[in-house]
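J.: Take a look at this one; I'll ask things after.
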Amino acid sequence: MPDMDRDYRIIGFLCNWCSYGGADAAGVARFSQPTELRIIRVPCSGRVDPMFVAKALLSGADGVLVSGCHPRDCHYTEGNLYARRRLELLRRFLPIIGVDEGRFEYVWVSASEGSRWRDMVTKFTEKIHALGPMPRMAEAARTLCTLEGMLGVSSAQPDMWHADAAGKPPAQRPGQNALLSMDDYKEVMDGE
Amino acid sequence: MRIGVMVCHCGNNIAATVDCEAVALAAREFPDVVFSTDHMYACSDPGQGTIEKTIRELKLDGVVVASCSPRMHEVTFRRAVERAGLNRYMFEMANIREHVAWISLDRKRNTEKAIDLVRMAVEKLRYDRPLTAKSFEVQKRVLIIGAGVAGIQAALDCAEGGLDVILVERRQSIGGVMSKLDKTFPTVDCSVCVLGPKMVDVGQHPRITLHALSEVEELSGYVGNFEVKIRKKSPFVDWTKCTGCGACLEKCPSRKVRDSHNEGICTTTAITIPFPQAIPKRAAIDPTVCLRFTKGKCGVCQKICPADAIDYDMADEVITEKVGAVIAATGLDLFDHKKCGEYGGGRYPDVITSLQYERMLSASGPTAGHIKRPSNGEEPKTVVFIACVGSRDRSVDRPYCSNFCCMYTAKQAILTRDHIPDSRAYVFYMDIRATGKGYEEFVRRAQEEYDVQYIRGRVAQVYPDGNQLVVRGADTLLGSQVEIKADLVVLAVGAESAHGAPELAEKLRISYDAYGFFLESHPKLRPVETNTVGVFLAGACQAPKDIPASVAQASAAAGKVLALLSKDKLESDPQIAQVQTIRCIGCGKCERTCPFGAIRMRELRDGSKRAEVVETVCQGCGICSVTCPVRAIQLAHFTDSQLLAEVNALCRTWTETTES
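The listed protein sequences derive, respectively, from chains A and B. Sequential numbering of the first sequence, starting at 1, is according to the working numbering. Sequential numbering of the second sequence, starting at 193, is according to the working numbering.
Encoded structure:
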């Protein structure tokens with residue numbers, strides 16, 4: 001049931017050069033916006049691992065918004081093109097793990113587009129309000145842990161997904177009871 | 193780990209809508225936080241002093257400051273942290289001003305959000321590692337794109353400062369818009385007399401390499417070590433032989449070519465030298481109109497040329513130059529007056545643009561300085577100027593003020609009365625914006641000494657009546673309609689970004705606004721820098737600017753470049769990719785994905801391969817981190833652990849709040 005009074009949990013991944021600047025510009029212009037979105041700054045939208053998004057959605061976020069530079073205008077030349085390919089695939093993949101694809105969106109906002117950023121945040125927040133709270137997904141969370149396991153990182157605790165902290169060599173690939181082999185997933189993500 | 197948190201009030205900027213004390217109190221509960229406080233201005237001298245003092249006294253290993261955007265003051269605070277003996281990367285910022293305080297008035301929700309952002313910053317900081325910058329050699333050369341007055345000024349300043357300058361101009365001659373002007377306001381100086389000597393200086397300066405008729409094709413590399421590909425378009429004339437004698441121009445049979453230097457009010461030849469003061473003063477053939485190229489006939493210029501310089505088979509040439517910094521000075525283009533159909537531009541010959549009028553006023557122009565009606569060549573007795581054509585007009589998507597039209601209109605009105613003493617000059621205006629030094633006085637002189645009639649109001653329509661034009665508009669001060677029979681109508685067309693500006697911005701990896709003007713790094717404090725380190729802006733490519741402002745910004749950009757390249761070595765940003773060799777499986781995906789070629793495969797003794805990051809080449813985008821199938825490559829300061837720590841910090845609190 002959509003409840004306009006309660007606050008939703010929304011995470012935004014914004015590239016430092018365009019969208020973070022756009023969000024700053026929106027603030028400087030004092031554009032009134034919904035407050036629910038929490039912004040995580042990344043150097044480039046190409047730094048956003050689709051697994052971050054999946055992880056966030058399965059761990060308690062009601063929506064995730066990724067924003068980068070407009071295609072062809074990337075500070076790193078082509079980072080946002082990689083992002084687009086990865087995130088588009090993620091968007092189509094979400095229903096497979098039982099997440100409404102409306103809970104995730106990727107957009108392009110440049111550093112001068114403060115008003116566009118305001119519109120994006122407002123629209124996305126309204127959409128999440130319409131979708132209501134994210135159902136707690138024990139099954140999906142377990143799937144995620146399996147996927148994490150395939151990455152060779154600790155899957156014991158759902159919120160200890162720290163690849164570089166583990167420092168261990170990759171674990172054996174389980175392969176059998178997985179929904180989607182992680183290697184296939186990576187192939188599709190980065191293949192031409 | 194021992195973390196200190198400081199929450200900034202920013203005067204009232206943050207404190208008005210965020211309970212900073214509550215945020216600081218909440219932060220005390222976060223893991224590893226041993227100290228938390230709030231401060232009126234964290235960036236002030238006492239604020240930074242407090243940070244330094246607490247680091248020393250409480251032996252902190254890391255600091256979080258919750259204040260403005262890191263794009264604003266991250267560098268400031270990193271320096272403070274470093275002064276207190278910490279590594280400057282043991283610092284995180286929570287943006288509670290632009291992203292919290294300024295976008296909502298809901299104090300309760302803002303405070304909750306600010307607490308969340310501080311929590312995220314603390315969690316990220318717990319995974320921060322000290323990073324050390326590497327230094328690398330720089331090229332003491334600068335690329336300047338565009339050789340209008342801004343590019344010329346920047347080139348001369350940089351060259352005088354001891355840098356080698358590569359100056360690229362897409363037109364045949366340098367000089368830009370200023371070389372087309374007759375006089376400049378408010379002194380009514382001769383434009384080309386002021387600019388000409390500077391153009392000659394550029395042509396003769398031993399440190400300046402000029403590439404006219406050239407465009408930047410590609411820019412790669414990074415600050416200190418850019419590599420630029422320049423396409424030198426073929427002029428079909430060997431410029432090392434051409435002496436600029438002009439014999440070819442006299443004999444060229446194609447005489448109906450639009451003269452772009454004279455804004456199309458007269459024609460020129462297919463082989464041209466655009467104007468007498470051109471630098472370089474060399475002829476070039478326009479292959480789109482030359483008979484030799486369009487019909488395969490002719491060849492007169494080749495026969496006539498005393499220097500044997502004509503070469504119809506000459507091809508474009510692409511050259512590569514290495515530079516340490518770039519200044520974009522691509523200037524402006526003018527609004528297409530045909531888009532405002534009510535004024536009849538393009539339909540009635542006696543409706544012309546201000547720049548066409550300028551060419552008419554110029555002694556070296558096609559009319560030798562005589563004002564003539566294009567329809568019949570007679571001297572006009574009534575000239576009407578219409579201001580704000582394509583400026584401050586949302587209906588044609590030009591909401592911005594073009595900055596200089598008020599002033600050049602006053603100048604042109606004065607010149608009209610000077611050239612034709614028995615003429616009448618009318619100006620339809622919206623507001624007069626005369627904010628520069630001596631500008632307001634100049635407009636006053638036009639009105640009082642030269643008796644130019646200023647009518648405040650918009651023109652509704654221009655229509656022909658006999659061999660005259662009727663200008664119908666409103667006088668909003670009198671509240672009445674006005675109709676003026678005019679012999680000539682001059683449209684004060686506004687400025688637009690230069691044709692192709694967005695494409696160039698994409699090559700330079702800088703941002704541009706909705707109208708194609710390049711974006712500066714900070715509107716107040718970094719007006720000539722861009723967000724790409726080593727790329728600077730000068731002149732009207734950033735926003736419409738008049739000559740003094742363009743020149744000032746050009747010198748400012750040159751100053752920035754000289755300061756940057758005064759060092760023999762620059763420090764590279766250590767926030768770059770790092771390979772965990774023990775995890776790397778040598779698949780080479782990162783090498784293929786890296787946009788900078790910063791990753792190479794290194795062969796181990798057993799013949800297997802491992803990725804390796806070339807530290808000074810890596811720009812820290814992190815694309816490789818996501819590409820790596822085994823997470824063996826991590827972007828320092830933005831590792832998976834750190835970004836997930838931020839996600840987890842939020843999700844954990846959210847889950848806890850729901851469950852409790």
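The C-beta atom is built at its ideal place from N, Cα and C for all residues, glycine as well.
Under 8 Å between beta-carbons, which chain A residues line up against P787 (chain B)? List them in chain order, please.
T.: Residue 787 (chain B) sits at position 595 when you count from the first residue of the second sequence. By Cβ distance, chain A contributes Y76, T77, E78, G79.
J.: So who's on the other strand from N287 (chain B), going by DSSP bridges?
T.: Taking the first residue of the second sequence as position 1, residue 287 (chain B) is located at position 95. Answer is B:S259, bridged to N287 (chain B).
J.: Assign H201 (chain B) to buried or exposed, taking buried as 16 or more other Cβ atoms, counted over all protein chains shown, within 10 Å of its Cβ.
T.: Taking the second sequence and counting its residues from 1, the one referred to as residue 201 (chain B) is at position 9. Result: buried.
J.: Is M160 (chain A) helix, strand or coil when you go by DSSP?
T.: Here residue 160 (chain A) corresponds to residue number 160 of the first sequence, with the count starting at 1. At M160 (chain A) the pLDDT is 32, less than 50, meaning the model places this residue with poor confidence and gives no usable figure here.
J.: Checking the sheet assignment: what are the DSSP bridge partners for E421 (chain B)?
T.: Against the second sequence, residue 421 (chain B) aligns to sequence position 229. This sequence places Lys at residue 421 (chain B); Glu is not what is there. In the DSSP output, where bridge partners are listed per residue, K421 (chain B) has B:E410, B:T512.
J.: Rounded to whole angstroms, what's the CA-CA distance from L309 (chain B) to A841 (chain B)? Just pull it up for me.
T.: Here residue 309 (chain B) refers to the residue found at position 117 of the second sequence. Here residue 841 (chain B) refers to the residue found at position 649 of the second sequence. So the two alpha carbons sit approximately 9 Å from each other.
J.: Any idea what DSSP makes of G536 (chain B), helix, strand or coil?
T.: Numbered from its first residue, the second sequence carries residue 536 (chain B) at position 344. G536 (chain B) falls in the coil class under three-state DSSP.
J.: To be precise: take each residue of the stretch 485-504 of chain B, compare its Cβ to all Cβ atoms of chain A, and keep it if any distance is under 9 Å. Which residues remain?
T.: Going along the stretch 485-504 of chain B in chain order, one finds no residue with a Cβ nearer than 9 Å to chain A.
J.: So, do the stretch 684-703 of chain B and the stretch 659-671 of chain B have three or more beta carbon pairs nearer to each other than 8 Å?
T.: Contact between the stretch 684-703 of chain B and the stretch 659-671 of chain B is absent, because fewer than three Cβ pairs lie under 8 Å.
J.: Using the rule of at least 16 other Cβ atoms within 10 Å of the residue's Cβ for burial, across every protein chain shown, is S800 (chain B) buried or exposed?
T.: Here residue 800 (chain B) refers to the residue found at position 608 when the second sequence is read from its first residue. So S800 (chain B) ends up on the exposed side.
J.: What number of angstroms, rounded off, separates the C-alpha of T722 (chain B) from the C-alpha of L355 (chain B)?
T.: By 1-based counting over the second sequence, the position of residue 722 (chain B) is 530. By 1-based counting over the second sequence, the position of residue 355 (chain B) is 163. If I take the Cα positions, the gap works out to 21 Å.
J.: Taking 7 Å as the threshold (C-beta atoms), are T512 (chain B) and G338 (chain B) in contact?
T.: Here residue 338 (chain B) is taken as the residue at index 146 of the second sequence, counted from 1. Here residue 512 (chain B) is taken as the residue at index 320 of the second sequence, counted from 1. No, these two residues do not count as a Cβ contact at 7 Å.
J.: When the cut-off is 7 Å and only beta carbons count, does A54 (chain A) lie next to chain B?
T.: As a position in the first sequence, residue 54 (chain A) is number 54, starting the count at 1. No, A54 (chain A) lies away from the interface with chain B (no Cβ there is under 7 Å from its Cβ).
J.: Which word fits Y319 (chain B), buried or exposed, when buried means at least 16 other C-beta atoms lie within 10 angstroms of its C-beta?
T.: Locating residue 319 (chain B) in the second sequence gives position 127, where the first residue counts as 1. By the neighbour-count rule (16 or more Cβ atoms within 10 Å), Y319 (chain B) is buried.
J.: Applying the criterion that 16 or more other CB atoms from any shown protein chain within 10 Å of the CB defines a buried residue, is R784 (chain B) buried or exposed?
T.: Translated into positions along the second sequence, residue 784 (chain B) becomes position 592. The residue is exposed, with fewer than 16 neighbouring Cβ atoms inside 10 Å.
J.: Roughly how many whole angstroms lie between the Cα atoms of P43 (chain A) and G812 (chain B)?
T.: On the first sequence, residue 43 (chain A) is found 43 positions in, with the first residue counted as 1. On the second sequence, residue 812 (chain B) is found 620 positions in, with the first residue counted as 1. If I take the Cα positions, the gap works out to 7 Å.
J.: Report the option in B:S228, B:M793, B:T773 whose CA atom is closest to the CA atom of K781 (chain B).
T.: As a working mapping, residue 781 (chain B) is identified with position 589 in the second sequence. Ranking the options by Cα distance to K781 (chain B), first place goes to B:M793.
J.: Would DSSP call A803 (chain B) helix, strand or coil?
T.: As a first step, residue 803 (chain B) is located in the second sequence; it is residue number 611 there, counting from the start. Here A803 (chain B) sits in strand by DSSP.
J.: Which class does K759 (chain B) belong to by DSSP, given the choice of helix, strand or coil?
T.: The sequence position of residue 759 (chain B) within the second sequence is 567, counting from 1. It is coil, neither helix nor strand.
J.: Taking Cβ-Cβ distances shorter than 7 Å, what residues in chain A pair up with D298 (chain B)?
T.: For the purposes of this step, residue 298 (chain B) is taken as the residue at position 106 of the second sequence. Correct list: T35.
J.: Could you give the C-beta distance for I502 (chain B) and C490 (chain B), rounded to a whole number, given that I count them as a contact under 8 Å?
T.: What you label residue 502 (chain B) is simply residue 310 of the second sequence in a count that begins at 1. What you label residue 490 (chain B) is simply residue 298 of the second sequence in a count that begins at 1. 11 Å between Cβ atoms; not a contact.
J.: Starting from the beta carbon of H691 (chain B), find every residue of chain A whose beta carbon is closer than 7 Å, and list them in chain order.
T.: The count along the second sequence starts at 1 and reaches residue 691 (chain B) at position 499. Under the 7 Å cutoff, chain A gives no residues; its nearest Cβ is about 17 Å from H691 (chain B).
J.: Could you name the residues of chain A that T724 (chain B) contacts, counting a contact when the two beta carbons are closer than 7 Å?
T.: Start at 1 with the first residue of the second sequence, and residue 724 (chain B) comes out as number 532. In chain order: H75.
J.: According to DSSP, simplified to helix, strand and coil, what is G241 (chain B)?
T.: To locate residue 241 (chain B), count along the second sequence from 1; it is residue 49. Three-state DSSP puts G241 (chain B) in a helix.
J.: Which value, in whole angstroms, describes the spacing of the CA atoms of I336 (chain B) and A693 (chain B)?
T.: Residue 336 (chain B) sits at position 144 when you count from the first residue of the second sequence. Residue 693 (chain B) sits at position 501 when you count from the first residue of the second sequence. Answer to the nearest angstrom: the Cα atoms are 14 Å apart.
J.: Have a look at B:I243, B:C260, B:H291, B:G731 and flag the residue whose alpha-carbon is nearest the alpha-carbon of R271 (chain B).
T.: In the second sequence, counting from the first residue as 1, residue 271 (chain B) sits at position 79. Comparing Cα-Cα distances from R271 (chain B) to each of B:I243, B:C260, B:H291, B:G731, the minimum goes to B:I243.
J.: I'd like the list of long-range same chain contacts for Y148 (chain B), defined as Cβ closer than 8 Å, with 5 residues on each side in sequence excluded.
T.: This structure cannot settle anything about residue 148 (chain B), because the visible part of chain B is limited to 193 through 852.
J.: Kindly give me the distance between the Cβ atoms of R194 (chain B) and L252 (chain B), rounded to whole angstroms, as I take these residues to be in contact under 8 Å.
T.: Position 2 of the second sequence holds residue 194 (chain B). Position 60 of the second sequence holds residue 252 (chain B). Confirmed, Cβ separation roughly 5 Å.
J.: For N16 (chain A), count neighbouring Cβ atoms within 10 angstroms of its own Cβ and tell me buried if that reaches 16, exposed if not.
T.: Numbered from its first residue, the first sequence carries residue 16 (chain A) at position 16. So N16 (chain A) counts as buried.
J.: Does the beta-carbon of Q345 (chain B) have 16 or more other beta-carbons within 10 angstroms, so that it is buried, or is it exposed?
T.: Counting from 1 along the second sequence, the entry for residue 345 (chain B) is found at position 153. Looking at its Cβ environment, which holds 16 or more other Cβ atoms inside 10 Å, Q345 (chain B) is buried.
J.: Which residue comes first and which comes last in the beta strand (DSSP E) that contains L887 (chain B)?
T.: Nothing can be reported for residue 887 (chain B), as the shown portion of chain B is limited to 193 through 852.
J.: Beta-carbon of S155 (chain A) versus every beta-carbon of chain B: anything under 7 Å?
T.: For the purposes of this step, residue 155 (chain A) is taken as residue 155 along the first sequence, with counting starting at 1. Because the pLDDT at S155 (chain A) is just 34, under 50, the model does not fix this residue reliably, and the value given afterwards should be weighed accordingly. Closer than 7 Å: no.
J.: For E284 (chain B) versus V256 (chain B), is the C-beta spacing smaller than 7 Å?
T.: In the second sequence, the residue the question calls residue 284 (chain B) occupies position 92. In the second sequence, the residue the question calls residue 256 (chain B) occupies position 64. Yes, Cβ-Cβ distance for E284 (chain B) and V256 (chain B) is below 7 Å.
J.: So F104 (chain A) contacts chain B; which residues on that side make the cut at Cβ distance below 9 Å?
T.: Translated into the one-based positions of the first sequence, residue 104 (chain A) becomes position 104. Result: empty, since nearest Cβ-Cβ is about 14 Å, beyond 9 Å.
J.: Taking the C-alpha atoms as reference points, what is the distance between P719 (chain B) and L729 (chain B)?
T.: Counting from 1 along the second sequence, the entry for residue 719 (chain B) is found at position 527. Counting from 1 along the second sequence, the entry for residue 729 (chain B) is found at position 537. Cα-Cα distance, rounded: 8 Å.
J.: Skipping 5 residues on each side, what residues in its chain have a beta carbon closer than 7 Å to that of T303 (chain B)?
T.: What you label residue 303 (chain B) is simply residue 111 of the second sequence in a count that begins at 1. The answer, listed in chain order, is V210, D211, A214, V215.
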